[in-house]
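J.: Pasting in a structure now, in structure tokens, and then I'll have a few things to ask.
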Amino acid sequence: MTTIPAEPDLQAAFDATIDRHDRIEPRDWMPDAYRKTLVRQIAQHAHSEIIGMQPEGNWIGRAPSLRRKAILLAKVQDEAGHGLYLYSACETLGVSRAELTDLLLSGRQKYSSIFNYPTLSYADVGTIGWLVDGAAICNQVPLCRTSYGPYGRAMIRICKEESFHQRQGYELLMTMMRGTDEQRAMVQESVDRFWWPVLMMFGPPDAQSPNSAQSMAWGIKRNSNDELRQKFVDMTVPQAEALGVTLPDPGLRWNEERGHYDFGEPDWQEFAAVIRGDGPCNAQRLAHRRAAHEEGAWVREAATAFAEREAAARESAAREQAEGASGPAAREGVAR
Ligand SMILES: [Fe+2]
Ligand SMILES: [Fe+2]
Numbered sequence: 001m002t003t004i005p006a007e008p009d010l011q012a013a014f015d016a017t018i019d020r021h022d023r024i025e026p027r028d029w030m031p032d033a034y035r036k037t038l039v040r041q042i043a044q045h046a047h048s049e050i051i052g053m054q055p056e057g058n059w060i061g062r063a064p065s066l067r068r069k070a071i072l073l074a075k076v077q078d079e080a081g082h083g084l085y086l087y088s089a090c091e092t093l094g095v096s097r098a099e100l101t102d103l104l105l106s107g108r109q110k111y112s113s114i115f116n117y118p119t120l121s122y123a124d125v126g127t128i129g130w131l132v133d134g135a136a137i138c139n140q141v142p143l144c145r146t147s148y149g150p151y152g153r154a155m156i157r158i159c160k161e162e163s164f165h166q167r168q169g170y171e172l173l174m175t176m177m178r179g180t181d182e183q184r185a186m187v188q189e190s191v192d193r194f195w196w197p198v199l200m201m202f203g204p205p206d207a208q209s210p211n212s213a214q215s216m217a218w219g220i221k222r223n224s225n226d227e228l229r230q231k232f233v234d235m236t237v238p239q240a241e242a243l244g245v246t247l248p249d250p251g252l253r254w255n256e257e258r259g260h261y262d263f264g265e266p267d268w269q270e271f272a273a274v275i276r277g278d279g280p281c282n283a284q285r286l287a288h289r290r291a292a293h294e295e296g297a298w299v300r301e302a303a304t305a306f307a308e309r310e311a312a313a314r315e316s317a318a319r320e321q322a323e324g325a326s327g328p329a330a331r332e333g334v335a336r
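Take the sequence shown: its position 273, counting from 1, is numbered 273 in full-length UniProt numbering, and each next residue is one higher.
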């Protein structure tokens with residue numbers, strides 16, 4: 001990409017839009033770095049929705065009842081839809097979905113670390129809904145006000161669906177907690193496994209998140225990682241109490257002075273390893289996505305061939321019409 005020096009008035013108009021908390025739209029001038037940051041963030045978000053279908057998709061064929069299966073199917077399909085809205089939003093910045101898919105499949109773009117953990121029991125479907133979608137809501141509600149228009153508008157719809165995801169998870173766990181001792185133990189075991197990886201979803205501590213300040217100055221991000229993590233913990237502790245599960249953090253306690261819960265530090269070395277590709281399921285998730293992409297090649301070829309045929313048909317109809325307008329058929333048409 002060639003860098004054309006920004007006209008000072010274009011930069012000034014961009015800055016003024018950001019300062020007014022207004023939206024930047026696809027045809028507006030924007031700094032290259034803003035565009036690049038958005039492409040990276042929106043693509044990573046889209047990839048997370050698509051890869052995120054796998055851990056729960058794993059349980060669709062083994063749902064304990066028709067009702068649970070219908071709920072889970074609807075939820076996983078929603079995630080596919082979220083991926084598609086976000087790929088579309090990203091395309092407005094001048095990248096194609098094929099390029100983004102390639103970046104995911106070659107490991108050059110990331111997705112959320114949480115989806116590299118396995119789902120070992122049906123309680124995990126509930127825990128993912130409650131905690132993972134709950135954390136996603138905390139992250140995403142402020143993104144409805146993000147400075148880039150297509151991203152913010154996609155997030156409004158996504159957040160409505162995420163709130164259904166969180167509720168269905170909580171309702172599943174609540175039902176299990178009212179069941180047998182074995183079911184309660186399943187829920188607790190699942191929460192024990194997911195709690196720390198969920199806290200890592202908000203990203204590294206602010207002091208170690210060098211890009212955050214620029215993203216906040218551009219109005220892409222509205223809150224820091226640590227602020228959002230705190231908000232999530234404060235929101236989740238009373239829900240855990242209502243459920244009757246214990247959050248596996250001995251340091252978790254209400255701090256009267258701060259008006260927030262204090263909590264322990266996630267294992268940031270584990271987080272770094274998962275991001276690097278060494279989490280429990282990284283290889284499996286990417287291999288599955290690659291296989292699905294290859295198996296879908298015929299659909300893409302068929303869609304391309306259909307689009308080409310339609311375009312050719314439209315073109316020849318337009319040509320016939322243009323010729324007909326001056327020919328005998330047109331004169332006949334006028335006579336009628
Ligand atoms: Fe989603
Ligand atoms: Fe979701």
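Just so it is clear, CB atoms sit at the ideal spot from N, CA and C, and this is done for glycine as well. These numbers come from a predicted model, not from an experiment.
In the DSSP assignment, the beta strand (DSSP E) including W254 goes from what residue to what residue?
T.: 253-255 is the span of the beta strand (DSSP E), which, as asked, contains W254.
J.: Can you give me the C-alpha to C-alpha distance between R285 and I51, rounded to a whole angstrom?
T.: Looking at the two C-alpha atoms, the distance is approximately 7 Å.
J.: Sorry if obvious, but does the Cβ on A136 come closer than 7 Å to a heavy atom of ligand 3?
T.: In terms of ligand content, the structure shown lacks ligand 3 and carries ligand 1 and ligand 2 instead.
J.: At 4 residues or longer, and completely inside the segment 57-121: list those alpha helix (DSSP H) runs for me, N to C.
T.: Entirely contained in the segment 57-121, the alpha helix (DSSP H) runs reaching 4 residues are, in chain order, 66-91, 97-105.
J.: Where does R289 land, buried or exposed, given buried means 16+ other C-beta within 10 angstroms?
T.: Counting Cβ neighbours within 10 Å, R289 comes out buried, since at least 16 surround it.
J.: List in chain order: all unbroken alpha helix (DSSP H) runs of 4+ residues lying wholly within the segment 252-295.
T.: List check, alpha helix (DSSP H) in window: 268-273, 282-295.
J.: Does the beta-carbon of D133 have 16 or more other beta-carbons within 10 angstroms, so that it is buried, or is it exposed?
T.: Buried, by the Cβ-count rule.
J.: Is it the case that the Cβ atoms of K110 and I220 are separated by a distance below 8 Å?
T.: No, they are not a contact pair.
J.: Quick one: give me the first and last residue of the alpha helix (DSSP H) that C138 is part of.
T.: Note, C138: alpha helix (DSSP H), 133-140.
J.: Which one or two residues does DSSP pair with Y148 in a beta bridge?
T.: Partner(s): I24.
J.: Quick one: Cα of S209 to Cα of A305, how far?
T.: So the two alpha carbons sit approximately 46 Å from each other.
J.: Give me the Cα-Cα distance between R97 and Q77, rounded to the nearest whole angstrom.
T.: Spanning the two alpha carbons is a distance of roughly 19 Å.
J.: Buried or exposed: M216, going by 16 or more other Cβ atoms within 10 Å of its Cβ?
T.: Exposed: under 16 other Cβ atoms inside 10 Å.
J.: Could you tell me the distance, in whole angstroms, from the CA atom of Q269 to the CA atom of A283?
T.: Taking the straight line joining both Cα atoms gives about 19 Å.
J.: In the DSSP assignment, the alpha helix (DSSP H) including F232 goes from what residue to what residue?
T.: It spans 225-243 - the alpha helix (DSSP H) in which F232 sits, taken as one unbroken run.
J.: So L131 and F194 are supposed to be a Cβ contact under 8 Å. How far apart are they, rounded?
T.: Correct: roughly 5 Å between the Cβ atoms.
J.: Going by DSSP in three states, W130 sits in which element: helix, strand or coil?
T.: The answer is helix: DSSP assigns W130 an H, G or I state.
J.: When the distance is taken between beta carbons, is M174 closer than 8 Å to P266?
T.: No.
J.: Look at the Cβ atom of P204, then the Cβ atom of N225, and state whether they are nearer than 8 Å.
T.: Closer than 8 Å, so yes.
J.: Taking 8 Å as the threshold, find out whether the segment 144-158 comes into contact with the segment 75-94 through three or more Cβ pairs.
T.: The segment 144-158 vs the segment 75-94: in contact.
J.: Should V233 go down as buried or exposed, given a rule of 16 or more other Cβ atoms within 10 Å for buried?
T.: Per the 10 Å Cβ criterion, buried.
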